[in-house]
Amino acid sequence: MSGVQWRGTLPPSATITWFTYNWPEYYFVLWDVVPTTLGPGGPEVKSRVKVERASGAYITYWIEVTNLTNRQVDIEGRYVILDR
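Count along the sequence shown from 1, then add 3; that gives the number in our numbering.
If you want it as structure tokens, here you go:
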């Protein structure tokens, strides 16, 4: 199963952290952040995922996204559940 968890906009050279919660701890989830604004010539964003064990049964993911350009970039935060 896969999908888009959020959409957002990054100002030039900004770093913003999004979070998403109540993911069952037994899910194997991968995250990716994809720019939806065209930007040929080089990478537009980089991301880093941090994980919080919110309870015995649930995980919160903190996804930090940095705009590598000097212009606004629209993004999608995408996930895929590899195993449950």
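Heads up, the beta-carbon is just placed ideally off N, CA and C, and yes, glycines get one too.
- A distance below 6 Å between beta-carbons, with the five flanking residues on each side excluded, links aspartate 77 to the following residues of its chain, in chain order: Thr12, Thr39, Thr40.
- Cα atoms of glycine 59 and proline 43: separation of roughly 44 Å, rounded to the nearest angstrom.
- The shortest C-alpha to C-alpha distance from glycine 45 to any of Gln75, Pro15, Leu71 is the one to Leu71.
- Taking C-beta separations shorter than 8 Å and ignoring five residues to either side along the sequence, the partners of proline 14 in its chain run Asn70, Gln75, following chain order.
- The secondary-structure analysis by DSSP pairs serine 5 across a beta bridge with Val83.
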